[in-house]
Each structure stands twice: as structure tokens, then as C-alpha cells.
Amino acid sequence: MRGVYVCVFSTTLFLTCVHGNFILPYFCIKYRNVMDNKFTTEIAKSVVECLKVKYDLDVIPESLLFNETRKEFEGDYTLVIFPLLKLTKSNPNDLGAILGEAVVNEIEFVESYNLIKGFLNFKLNASVWFEEYISFTTKESFYSESSGKKTIVEFSSPNTNKPLHLGHARNILLGWSCSNILEAAGHEVVRTQIVNDRGIAICKSMLAWQLFGNGETPESTGTKSDHFVGKYYVLFEQAFKTEYITWQAGETARSIYENRPNKEQVEADFFKSYKNKYFNEYSPLGAQAKKMLLDWEAGLDSVIDLWKKMNSWVYAGFEQTYDQLGVSFDSYYYESETYKLGKDIIEEGVTREIFYKKADGSVWIDLESEGLDHKLVLRSDGTSVYMTQDIGTARKRYEDTEANGMVYVVADEQDYHFQALFAILKRLGEPYHEDLFHLSYGMVDLPTGRMKSREGKVVDADDLVQEVIDEARKNAVERGEIEDASADEREEIYNKIGMAALKFFILKVNPKKRMIFNPEESVDMQGTTGPYIQNAYVRIQSINRKAGDLDLTVGKSYTKLEDIELDIIKKLTSYTKQIQASAEQFDPSLLTNFCYELAKAYHKFYNDVRILGAESEGAKAFRVNLGNQVARVLKHGFGLIGIEMPNRM
RNA sequence: GGCCUCGUAGCUCAGCUGGAUAGAGCAACAGACUUCUAAUCUGUAGGUCCCAGGUUCGAAUCCUGGCGGGGUCACCA
Numbered sequence: 021m022r023g024v025y026v027c028v029f030s031t032t033l034f035l036t037c038v039h040g041n042f043i044l045p046y047f048c049i050k051y052r053n054v055m056d057n058k059f060t061t062e063i064a065k066s067v068v069e070c071l072k073v074k075y076d077l078d079v080i081p082e083s084l085l086f087n088e089t090r091k092e093f094e095g096d097y098t099l100v101i102f103p104l105l106k107l108t109k110s111n112p113n114d115l116g117a118i119l120g121e122a123v124v125n126e127i128e129f130v131e132s133y134n135l136i137k138g139f140l141n142f143k144l145n146a147s148v149w150f151e152e153y154i155s156f157t158t159k160e161s162f163y164s165e166s167s168g169k170k171t172i173v174e175f176s177s178p179n180t181n182k183p184l185h186l187g188h189a190r191n192i193l194l195g196w197s198c199s200n201i202l203e204a205a206g207h208e209v210v211r212t213q214i215v216n217d218r219g220i221a222i223c224k225s226m227l228a229w230q231l232f233g234n235g236e237t238p239e240s241t242g243t244k245s246d247h248f249v250g251k252y253y254v255l256f257e258q259a260f261k262t263e264y265i266t267w268q269a270g271e272t273a274r275s276i277y278e279n280r281p282n283k284e285q286v287e288a289d290f291f292k293s294y295k296n297k298y299f300n301e302y303s304p305l306g307a308q309a310k311k312m313l314l315d316w317e318a319g320l321d322s323v324i325d326l327w328k329k330m331n332s333w334v335y336a337g338f339e340q341t342y343d344q345l346g347v348s349f350d351s352y353y354y355e356s357e358t359y360k361l362g363k364d365i366i367e368e369g370v371t372r373e374i375f376y377k378k379a380d381g382s383v384w385i386d387l388e389s390e391g392l393d394h395k396l397v398l399r400s401d402g403t404s405v406y407m408t409q410d411i412g413t414a415r416k417r418y419e420d421t422e423a424n425g426m427v428y429v430v431a432d433e434q435d436y437h438f439q440a441l442f443a444i445l446k447r448l449g450e451p452y453h454e455d456l457f458h459l460s461y462g463m464v465d466l467p468t469g470r471m472k473s474r475e476g477k478v479v480d481a482d483d484l485v486q487e488v489i490d491e492a493r494k495n496a497v498e499r500g501e502i503e504d505a506s507a508d509e510r511e512e513i514y515n516k517i518g519m520a521a522l523k524f525f526i527l528k529v530n531p532k533k534r535m536i537f538n539p540e541e542s543v544d545m546q547g548t549t550g551p552y553i554q555n556a557y558v559r560i561q562s563i564n565r566k567a568g569d570l571d572l573t574v575g576k577s578y579t580k581l582e583d584i585e586l587d588i589i590k591k592l593t594s595y596t597k598q599i600q601a602s603a604e605q606f607d608p609s610l611l612t613n614f615c616y617e618l619a620k621a622y623h624k625f626y627n628d629v630r631i632l633g634a635e636s637e638g639a640k641a642f643r644v645n646l647g648n649q650v651a652r653v654l655k656h657g658f659g660l661i662g663i664e665m666p667n668r669m
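With the first sequence counted from 1, adding 20 to any position gets you my numbering.
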């Protein structure tokens, strides 16, 4: 069961690295990629040529380090020349001047250079940027060409005994945005989930409903149906707790306690740790729940019917939440159907000696060479474990879709499990084994500490959504900008703003990091927030409404760019690269941060320069057009993240 | 205890995989709406980048060792 657990945990990639000592040739400069950029590539070529001619040095262009020039200095790209000093037996000033002159003379688009303490800054002609911008505006799609890859993304993966909470929200938003981003990067994506629809927890809700429900339904009580089922899960836990406490006073319990192995242990602690054993061995409620599980496995009609009924309630509730969050799935896998998968693969693996069988009949794999340990893949009684079904499900998905890669969005507490799973799939030689990725994300904490379902310290996903929308409504009413819109339109706008605040708040954090979720901050709409970015978009739309029909082509004669305009152009033209980076790292936060930076630049632009009141028709047309390009990118970027743009707010 | 992971401003987070004087937002304080939506912008203040060594021309970033938080080590899922 994937379960988005209500406890906490931290992060990802753990590699056992063996470090060898390599002796590098003296002249082998530390290797680093040139910024993936046609300008720096050209400059690098020229620098290499110059080094050859003046110093008789053979240097590969990729070994040159370029950065974007920092804001405080003049220029666009910076070559760091320290690494070249030893090779050329030169000093920063001389070498910098020689290289700078060479590049300026040779490359047309480089206007000038300046040299500051070993940093060689190159400034490009403004017209180069303007041309970049013009070609950007004619680009009709931000989607990359097909990579030929088909990737399955598994996310959400809920349990069917209680409603979705904040942890699921992070999971779902990550999974959804990652899927979109992968698509934009040219992959075909299948969105799926594994639903934990079986097991003792589900039986608890079923039993509680049978015992205490008096036949009531979500309809009869007017309750959202997954919450309705969740209520019975809680009722079971309460009844069980009462039963347990009563039992503790009885003779059996007394004698067990008196004979505890650790005499130091106080009563409260003892019974806390004994709870599970009590459930399995003494509890009448426990016995009934377990019987129900056995009946379910035996396929007893009455139990199956009840199970289907309660699960259908939960699914209906989940669908509402998914709708509200704006996500959907292409397929669903149910553990009730997959939990027996994988056994045949294990058998086959035993004959291929990938797995080994112990005397008791249990089957294991030795993963020590991967830095892991021995892992059980089949119990001695022949039944499967978590790993077994994951192996089976992976292959089934491959057969179902012919995908050549899979991404599992699962909290980082399961890092070890996925490391082992991937190692096993590799040993088995599964055709997709090279493109497996565990998108491991940190747990969500509250400012008061971790969420604990037992203590009722969980943030319910539906409540959360309601809260942010209410907050958006409150703020919007205060502002009064959209009073003239119809009630429906207004509600739609509140919805978009609220959801933007919530989604952005969660997605702006690097997934690997454990995050603290402050409910008060999550409804903030100022600063680094979703609404801040929506506001930039709305301002642009407002300008467009007032601009009327403009001949935007006259803007092409405007080449005297302001700094802030240049800044915006640079950001805009880097957009597709941002998408790529975000896709490669499976990290939507790169994209959210990019959108923030772009919106921020626009807000500054909006404050610094006149748009409709620009000094010339050319400047006006250019600025209106620039705004439209910003709006286009923001809308597209937010679309990938899963946030909609309002036209007014 | 073994292994994994995180530690950056009062708070929440960036920091482009080793480069220039470590950046944003929130909170605080001071400014900017007769003019394109002030959910905005500008400024002030706020730092021992957990500590100590090491590698390097150069370290928040890499290595080693500590300290602190979290996770994980089931015939659970």
C-alpha cells in the first residue's frame, strides 16, 4: 500500500558510491558543460581558437565555464578565466584582454567586453536580443518534439477507508504537474494510480458501518461520500479503543501485564505497545474485522457486496476532490486485482537463479552488490508481499501500455523499497528498467509538528480547498474589482484564485524537501504566491482591453530596449529550456519559480514604464506585445503546473 | 546502532550542480495610486550559510569528522 501516511519523513537518492582516485592529466581542466546556448557556444569557439593561436593550447569548448552575468555588472555572459591562468601562464588582466579583444573582433553579435577580477563579461548587441524576441513571438507551440518515450506516472494512490488529506494533495499536485511537464518535454504520458482497496483497514470501516450504521448512507445524511466512509473508520477506532481500555481492567490483561518481559515499563507504555497484539488475539472487534477480511478473500457474496458499496462511495467522493483539484487519470489499478500478481515472475526468477529459496520455502533476493541487503519476495506460505505485487504490477503496466518508463510519486519514507524494487526489475532484465524513477517527496508538516491522524491533527484536502476559496472571495470582495461580473463568473474567479494560492504554495517547494505547511500562509495572496502571478496576467488582459486594435507590427521598429524589457526578453526566450530542466529533474518547483520571476519582472516593468502612454507608437506596440508574450508564457506555464488564469480579479 | 537524508535572515523558501559583494517573499519600519487593476512597486533593517578540519586560484555547494532534526532497517503495506 502506497498510502500517503500521516507521519513524516525526509528524502531521496542514496547512492553507495565507491570513490576511486583518478589522476587527471595536469592540463585537463575541470569539465563542465557550456551553458546550453547558441551565443556562448559561439563565444567558446572563438576563445578556443584564440587560445590555440596565441598560446598553442588545445582546449575543448565544453571545458570553458560560462555564467550569466550578474546583475551588478554590465554584460550578458561571463567567462570565468581563472582555470585558464595556469595553462597560459598568464595573469587575469592580460589573458582577459586578449580573449576579450579576440571575441569582440571576431564575433559580430558581441558588442563589447569588460574585465573584472578574472571575470570576462561579454555584452551582446541589443538587436540580437530583439531578433531573439521576434523569433520567439512566432513560435506557435512550447511543446517539444516527440521524444518517442512513453512514461507511466503513478500518483495519488489512496486508501479507500478515509478521505484525502494534505499529504495526498502534495502527491496529487506533484504527479499531475510532473505529468504535464513531461508531456511538454515531448513524452507521451499515462496517468495512473494504484488504489489500495483491500485489507484490514477497509474491513474496519465496513464492520463499523454494519454495526453502527443503521443503514444510513451518504445521501440520507447529506455527507460527502468519502467523508461518510471515513467517519465509520473513525467510529471503529473509537469503539476499539473503548473496548481495549475496558479489557485492560480485566484479569487476563492484569496477568499479562504482571508478566511483562520488561519490568521497567510503565503500564501506559506497555498497553500502548501491546495494542496490536490485543487486536489480533483478544479483541472481539478485531476478530470480527479479521473474519471479514477472510470472508472477503474467500469471496463471500455478502461481504463483497458491502465492500463494493462502500468503495463506490469512496470513489465518488474522491472523484469530486479530483475534479476540484483539476486532475484526472487515464487508468486505475486496484490492489484487489493486483495483489496476487508477480508470483509467476518470482517462480521464473528462481529458475533463472535471480532469486533463491530458503529451506522454509520463502523466496529472497540478494541485493548486497547494490549496497542493499537480502529482500523477501515471497513468504514461506507462498503468499505475496508488497514487493511481489509491485514487480507484477510493473510488468502488467508495461504489457498494458508498452511504456518504456515509469515514475512513481510516493513519499520518501519508501525510498528503500523503491531502490530495491528498481534493483530487482533490473536483475530481471525488464525492458523498461533503465527509465524508472521514484519521485520521492518529503512529508508535509504543520507548524505545530507532524500531522497525526490518531490525534485528529490532519488537514483534510476538501476543507483546505474550501478555506482558500473563501479567503479568495473575502479578498476579492474587499477589492471590489469584479463587482459587475455575474455571480457565476465571480465564483469561478474566486475558485481560480483560491486554487492558485493553494497549488502554488505546495508546488513552489522543491519536492525532495520536507515542507512546513502553514495554513495561514497558504491562503496568503501577496508576495511569492499564485495570485501574484495571476495578477500579472490580469494586468496584461486589462491593458489589452484598453489598447483596442493596435498595429503590433510597428513595434518591430522599436529597438531601444529598456533594461527591464531586455530582462523580460531574456526570461521569455529561456522558457522552453526551463521546461526541459523541470522535466529532467522531475521538479515542478523550477517552473513555479520561473513563473514567479517572470511575473515579478512584468510587475516591475508595469510600474517603471508607461505602456499605453508610451513615448512612441512603436514603443507602445512593442510593450503591449511584450505583455502578450508574458501572458502567453505565464498561462502556459501555469497550465503545466495545473493552475488556471482568470481574465480579471 | 547500520544506512539514507536535511541543516541558508525571526518565519517560509531560492541559490542555475565549484565562481564576483549569499538572494526572494512574509513579518517590521519608511515611501509611491487625480494617470494602464496598489493582490503592485521602491527603500531601510535583518547572515558565524550548524560546528571543525581538508581539497582548490576560489566552498553555502565537493571530501572527512562531529552536533542537531527526520526517515529507514518486518514472512506490514
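Glycine residues also receive a C-beta, built at the ideal position from the N, C-alpha and C atoms.
Taking C-alpha positions only, TYR557 is separated from ASN667 by approximately 7 Å.
Fully contained in the segment 352-433 are the following alpha helix (DSSP H) runs of length 4 or more, in chain order: 355-358, 363-371 and 406-421. When rounded, the separation of the alpha-carbon atoms in SER147 and ALA639 is 15 Å. Out of GLU152, ASP114 and GLU165, the CA that lies nearest to the CA of LEU140 is found in ASP114. Of the candidates ASP420, ASP401, VAL397 and VAL427, VAL397 places its Cα closest to the Cα of GLN409. Rounded to whole angstroms, the Cβ separation of LEU194 and LEU459 is 6 Å, and the two are in contact under 8 Å. Remark: three or more beta-carbon pairs, one from each stretch, lie closer than 8 Å, so the segment 178-187 and the segment 243-255 are flagged as touching. By the neighbour-count criterion, in which a residue is buried when 16 or more other Cβ atoms sit within 10 angstroms of its Cβ, ARG218 is buried. DSSP lists GLU88 and PHE142 as the beta-bridge partner residues of TYR97. Residue state for PHE457 is assigned as strand, using DSSP reduced to three classes.
In the DSSP annotation of this structure, SER542 is not part of any beta strand (DSSP E); the continuous alpha helix (DSSP H) holding it starts and ends at 539-542. ASP628 counts as exposed, since fewer than 16 other beta carbons sit within 10 angstroms of its beta carbon.
Using a 10 angstroms sphere on the CB of PHE93, the tally of other CB atoms stays under 16, which defines it as exposed.
For the segment 509-573, the full-length alpha helix (DSSP H) segments reaching 4 residues or more read 539-542 and 550-567 along the chain.
Taking the CA atoms as reference points, ILE526 sits about 6 Å from ARG190. DSSP places HIS656 in the helix class (H, G or I) of the three-state scheme. By the criterion of at least three beta-carbon pairs nearer than 8 Å, the segment 595-609 is in contact with the segment 161-169.
Counting C-beta atoms within 10 angstroms of its own C-beta, GLY95 has 16 or more neighbours from the protein chains shown and is therefore classed as buried. In this structure, MET330 lies near TRP229, with their beta-carbon atoms less than 8 Å apart.
Collapsing the DSSP output to three states places TYR264 in a helix. No residue range can be given for GLU236, since it is assigned to no beta strand (DSSP E) and is classified by DSSP as neither H nor E. By the beta-carbon neighbour count (other beta carbons within 10 angstroms, threshold 16), TYR376 is exposed. Here the alpha carbons of THR60 and LEU99 stand approximately 9 Å from one another.
Sorting ASN282, VAL644 and ASP435 by C-alpha distance to the C-alpha of LYS532 places ASP435 at the top. The DSSP assignment places 583-593, 595-604 and 608-628 as complete runs of the alpha helix (DSSP H) inside the segment 578-651, in order along the chain (cut-off: 4 residues).
For the 8 Å CB-CB criterion, GLU501 and VAL543 do not form a contact. Burial check for LEU71: the Cβ neighbour count within 10 Å reaches 16 or more, so the residue is buried.
In the DSSP assignment, LYS477 is bridged to LYS472. Annotated three-state conformation of LEU135 is strand, per DSSP.
In the three-state reduction of the DSSP assignment, LEU466 falls in the strand class. Nearest Cα to ALA641 within the set GLY575, ALA634 and LEU484: GLY575.
Between the segment 382-397 and the segment 441-456 there are three or more inter-stretch CB-CB distances shorter than 8 Å, so the stretches are counted as touching.
Cβ neighbours of THR241 within its own chain (closer than 7 Å, five residues either side excluded): PHE248.
For ARG534, the closest of ARG372, GLY462 and ASP571 by C-alpha to C-alpha distance is GLY462. In the DSSP assignment, THR341 falls within the unbroken alpha helix (DSSP H) covering 321-345. When DSSP reads this structure, VAL209 sits in a beta bridge with THR171.
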